[in-house]
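Structure first, commentary second.
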Amino acid sequence: MKYIIDLHTHSIAGGHAYSTFQENVAAAYAKGLSVYGFSEHAPAMPGGPHPYFFENFKVLPDEYKGMRVLKGCEANIIDLEGHFDLDDSVLARMDYVIASMHLPCVTSGTARENTDCLIKVMDNPAVQIIGHPDDSRYPLEYDRLVQAAGEKRVLLEVNNTSLSPKSFRKGGLENVQTYLSLCKEYGVPVIVGTDSHFAPQIGDFTYADKVLKDTDFPEELVVNTSVEKLREYIRGV
Ligand SMILES: [Zn+2]
Ligand SMILES: [Zn+2]
Numbered sequence: 153m154k155y156i157i158d159l160h161t162h163s164i165a166g167g168h169a170y171s172t173f174q175e176n177v178a179a180a181y182a183k184g185l186s187v188y189g190f191s192e193h194a195p196a197m198p199g200g201p202h203p204y205f206f207e208n209f210k211v212l213p214d215e216y217k218g219m220r221v222l223k224g225c226e227a228n229i230i231d232l233e234g235h236f237d238l239d240d241s242v243l244a245r246m247d248y249v250i251a252s253m254h255l256p257c258v259t260s261g262t263a264r265e266n267t268d269c270l271i272k273v274m275d276n277p278a279v280q281i282i283g284h285p286d287d288s289r290y291p292l293e294y295d296r297l298v299q300a301a302g303e304k305r306v307l308l309e310v311n312n313t314s315l316s317p318k319s320f321r322k323g324g325l326e327n328v329q330t331y332l333s334l335c336k337e338y339g340v341p342v343i344v345g346t347d348s349h350f351a352p353q354i355g356d357f358t359y360a361d362k363v364l365k366d367t368d369f370p371e372e373l374v375v376n377t378s379v380e381k382l383r384e385y386i387r388g389v
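Going by the numbering used here, the first residue of the sequence shown is number 153, and it counts up by one from there.
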């Protein structure tokens, strides 16, 4: 599979990543991507940027040498009601939003509560992607989650970093296999993201690609292989 889109990347502004926006863009271009997405951690992440960071995206380019550059964020879900650490009005002005649960920002509930929360988040029109729903520290009811993603037309992410042997998330491989098999059964598309915290990781989908191959996951359900497929979820790409 040829991946031409990476929408999950971080920079030094996030507090625990090591490359600049400029380095990220250049690395994405060098990898041959057609669409690069900048999805910085939102303010509740320790060391994360102030909301002004996200309100000043107008200074950044929309493209680089013909490669499309999208500016979004990885918003933190801060409670099981599905609230975020950025106002909806700020989120709505971004090109896209990844919604994620992170340990410093929200305490896990039961699998039912976590799933209800993510389904509620999918109803927020600013959100297009659920980030790394693969962490056993936030158990989920995958059958309900996948069906809701299909109905509400929100993408579940296959996160390359979760599948790395160095990942601190728990149960990644088994959980990804579970939801990929349900996505295949129900015909629900997914997006692959590197979750890069260092520019050379951008566009490197080695671990995710292996799982997609091992589960015989159909290419037509992976949006990263075509800008047209992505456009069905993110307008203005
Ligand atoms: Zn994350
Ligand atoms: Zn991330």
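The beta-carbon is built from N, C-alpha and C at its ideal position, and this holds for glycine as well.
Distance, residue j Cα to residue i Cα
i	j	result
residue 378	residue 345	14 Å
residue 290	residue 163	25 Å
residue 194	residue 202	8 Å
residue 249	residue 228	10 Å
residue 192	residue 215	18 Å
residue 268	residue 169	31 Å
residue 348	residue 190	10 Å
residue 302	residue 251	16 Å
residue 343	residue 325	16 Å
residue 367	residue 204	42 Å
residue 253	residue 332	19 Å
residue 200	residue 223	16 Å
residue 340	residue 369	11 Å
residue 286	residue 263	12 Å
residue 230	residue 272	13 Å
residue 386	residue 165	24 Å
residue 298	residue 281	12 Å
residue 218	residue 319	33 Å
residue 245	residue 157	21 Å
Three-way DSSP call (helix, strand, coil) for residue i in this model
i	result
residue 309	strand
residue 164	helix
residue 245	coil
residue 237	coil
residue 191	strand
residue 269	helix
residue 274	helix
residue 359	helix
residue 252	strand
residue 324	helix
residue 223	strand
residue 366	helix
residue 295	helix
residue 177	helix
Nearest candidate by alpha-carbon position, reference residue i, set the options
i	options	result
residue 220	309, 351, 299 and 247	247
residue 234	257, 223 and 212	257
residue 351	161, 280 and 278	161
residue 314	367, 210 and 358	358
residue 309	317, 279, 337 and 230	279
residue 390	266, 209 and 276	Because the chain spans 153 through 389 in this model, residue 390 falls outside it and cannot be assessed.
residue 159	283, 174 and 320	283
residue 196	213, 173, 167 and 174	167
residue 226	311, 360, 180 and 265	311
residue 307	292, 270, 353 and 266	270
Any non-hydrogen atom of ligand 2 within 7 Å of residue i CB
i	result
residue 261	no
residue 168	no
residue 235	no
residue 160	yes
residue 283	yes
Rounded Cβ spacing between residue i and residue j (contact assumed at less than 8 Å)
i	j	result
residue 389	residue 187	6 Å
residue 364	residue 375	Incorrect: roughly 12 Å between the Cβ atoms, too far for contact.
residue 390	residue 206	There is simply no residue 390 to check, as the chain begins at 153 and stops at 389 in what is shown.
residue 334	residue 295	6 Å
Contact test: residue i Cβ vs ligand 1 heavy atom, cutoff 7 Å
i	result
residue 252	yes
residue 347	yes
residue 192	no
residue 309	no
residue 226	yes
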